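*Asks:* Take a look at this one; I'll ask things after.
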Amino acid sequence: MRPRPSRSAAVLLLSAGLLLTACSSGEPAVSADTKPLSDPSKVAPARLVYPLDPYKTTDEQIRSLEAAQDVLVGDCMKRFGFTYKPPVRPVPRPKDTSSRYGVTDEAKAARYGYARPGGPVPEPDEVPEDSLPPAERLALSGPPLKPKPGGGIVLPPLTLEESRKTDSGRTVNGQKVPVGGCGREGYLRLYAEKKEPVELLYVFGMESESSSRAQESPKVAKAVKAWSACMAEKGYRVTDPVSPQAALGLKSEVDFGSAKAIAAAKQDVACKKRTDLVALWYTAEAGFQKKLMEEHAETLRQVKVELDERIKKAASVNR
350 MRPRPSRSAA VLLLSAGLLL TACSSGEPAV SADTKPLSDP SKVAPARLVY
400 PLDPYKTTDE QIRSLEAAQD VLVGDCMKRF GFTYKPPVRP VPRPKDTSSR
450 YGVTDEAKAA RYGYARPGGP VPEPDEVPED SLPPAERLAL SGPPLKPKPG
500 GGIVLPPLTL EESRKTDSGR TVNGQKVPVG GCGREGYLRL YAEKKEPVEL
550 LYVFGMESES SSRAQESPKV AKAVKAWSAC MAEKGYRVTD PVSPQAALGL
600 KSEVDFGSAK AIAAAKQDVA CKKRTDLVAL WYTAEAGFQK KLMEEHAETL
650 RQVKVELDER IKKAASVNR
């Protein structure tokens with residue numbers, strides 16, 4: 350069973366969203382230092398560079414972190430007399446930032462339509478938790494979270510220090526089971542060993558905020574309307590340039606690669622080029638990212654420090 354993060358993505362993203370929503374929603378102030386890092390007229394959407402990129406993990410770093418977390422979970426399980434079998438994860442595909450603006454590549458649209466090249470992303474090959482013996486399952490995942498008197502559940506400890514002070518009330522083979530089990534302990538040892546770490550989705554929240562603000566900005570909103578009008582010329586009644594599949598009557602991965610989808614995707618790409626939608630959106634998004642980075646510079650410095658420490662620790666664990 351793959352260990353899960355400390356909180357649900359929804360809670361983390363909500364926190365980031367609450368923190369960032371104080372930003373103004375108009376066009377970002379344009380100055381010399383808000384010039385985009387890429388020229389969208391010369392660089393393919395898949396290769397665009399964003400100001401927040403240095404604060405994100407690369408595919409290689411993600412693989413190292415996953416491997417280290419598996420080792421740490423395994424170390425914990427040994428205390429209880431069990432051998433942990435980590436999930437076999439698929440090799441990550443190269444990151445493609447073009448998908449943030451929907452289909453943008455003419456050749457891929459003509460070949461795949463709205464389908465993902467190479468097919469859907471496979472899930473990690475995990476051992477079903479229910480197939481584990483009860484004691485091993487308890488050691489890995491811990492007992493169920495306790496309900497609150499007024500409703501909801503008591504959230505598990507958010508740091509390793511807090512976890513070590515919290516009693517789950519359960520033991521296996523004479524050893525106290527951590528709250529959340531070894532899966533959570535392995536996660537906390539790598540991601541939240543110290544007090545008050547920056548939430549893992551903080552940068553993702555900044556990216557989402559920047560993208561939303563950019564989409565709502567006058568220039569981009571106007572370009573989206575122009576794109577929609579362009580699509581209507583061929584009979585496609587759509588308003589969402591990122592995910593128009595449902596409006597096009599495409600409901601499954603098979604539909605996404607059909608002749609109908611390919612025809613629509615080709616028009617989609619052509620309309621984005623005609624309206625300069627991607628260039629306008631990227632420029633606005635990069636500007637909002639820089640604006641948010643200035644407003645949250647101190648937190649981002651902490652993000653970078655914690656990321657670097659995490660990468661170094663993962664490398665040490667994996668030796």
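Convert by adding 349 to the 1-based position in the sequence shown; the result is the number in this note's numbering.
Yeah, the Cβ is synthetic: ideal placement off N, Cα and C, and Gly gets one too.
Just so it is clear, the structure is predicted and the values come from calculations on it, not from any experiment.
(1) Quick check on this structure: which residue in Ala613, Val573, Lys457, Glu415 has the alpha carbon closest to the alpha carbon of Ile660?
(2) Between the C-alpha atoms of Gly523 and Gly430, what's the straight-line distance to the nearest angstrom?
(3) Mark Ser665 as exposed unless 16 or more other C-beta atoms lie within 10 angstroms of its C-beta, in which case mark it buried.
(4) Using a Cβ-Cβ cut-off of 7 Å (strictly less than) and excluding sequence neighbours within five positions of Gln616, which residues of its own chain qualify?
(5) Which residues in the same chain have their Cβ closer than 7 Å to the Cβ of Tyr463, if we skip the five residues on either side of it in sequence?
(6) Going along the chain, which residues of its own chain have a beta-carbon closer than 8 Å to the beta-carbon of Val569, five neighbours each way excluded?
(7) Start and end of the alpha helix (DSSP H) containing Lys640?
(8) Could you check whether Gly529 and Gly491 sit closer than 7 Å to each other, using their CB atoms as the reference points?
(9) Return the CA-CA distance between Pro403 and Val552, expressed in angstroms with no decimal places.
(10) Could you please give me the residues that DSSP links to Ile502 through a beta bridge?
(11) On the DSSP bridge assignment, give the partners of Gln524 in chain order.
(12) Please determine if the stretch 502 to 516 and the stretch 534 to 551 are in contact, where contact requires at least 3 C-beta pairs separated by less than 8 Å.
(13) Please name the residue, chosen from Arg486, Lys434, Ala619, that lies closest to Ala458 on a Cα-to-Cα basis.
(14) What are the start and end residues of each continuous alpha helix (DSSP H) run of 4 or more residues lying completely inside the stretch 542 to 607, in chain order?
(15) Would you please state the rounded distance, in angstroms, between the beta carbons of Gln638 and Ser566? I believe it to be under 8 Å.
(16) So Val526 and Ser517 are in contact, right, with Cβ under 8 Å, and what is the actual spacing, rounded?
(17) By alpha-carbon positions, which one of Gln651, Val422, Ser413, Trp576 ends up nearest to Lys543?
(18) What first and last residue would you give for the alpha helix (DSSP H) that runs through Ser512?
(19) Which residues share a DSSP beta bridge with Val420?
(20) Quick one: Cα of Glu655 to Cα of Lys434, how far?
(21) Give me, in chain order, the residues of the same chain whose beta-carbon lies closer than 6 Å to that of Gly423; leave out the 5 immediate sequence neighbours on both sides.
(22) Which residues in the same chain as Gln410 place their Cβ atom closer than 7 Å to its Cβ, once the five residues preceding and following it in sequence are excluded?
(23) Does DSSP classify Val618 as helix, strand or coil?
(24) Any idea what DSSP makes of Val654, helix, strand or coil?
(25) Let's test the definition: count the other Cβ atoms within 10 Å of the Cβ of Ala456 and tell me whether it reaches 16, buried, or not, exposed.
*Replies:* Put simply:
(1) The candidate whose alpha carbon is nearest that of Ile660 is Glu415.
(2) 10 Å
(3) The Cβ neighbour count for Ser665, taken over all protein chains shown within 10 Å, is under 16; the residue is labelled exposed.
(4) Met580, Lys583, Tyr585
(5) Val452, Gln594, Leu599, Phe605, Ala610, Ala614
(6) Ala563, Leu626, Leu629, Trp630, Ala633
(7) 626 to 644
(8) A contact, by the Cβ cut-off of 7 Å.
(9) Cα to Cα, Pro403 sits roughly 10 Å from Val552.
(10) Pro496
(11) Val521
(12) yes
(13) Ala619
(14) Positions of the alpha helix (DSSP H) runs, each at least 4 residues long and wholly inside the stretch 542 to 607, are given as 551 to 565, 567 to 581, 602 to 605 in order along the chain.
(15) Not quite, the Cβ-Cβ distance comes to about 13 Å (not below 8 Å), so this is no contact.
(16) 5 Å
(17) Gln651
(18) 509 to 513
(19) DSSP, once it has assigned bridges, lists no residue as partnering Val420.
(20) 28 Å
(21) The beta carbon of Gly423 sits closer than 6 Å to the beta carbons of Tyr433 from its chain, once the five residues preceding and following it are set aside; these are given in chain order.
(22) The residues are Ile660.
(23) In the structure shown, Val618 falls within a helical segment according to DSSP collapsed to helix, strand and coil.
(24) helix
(25) exposed
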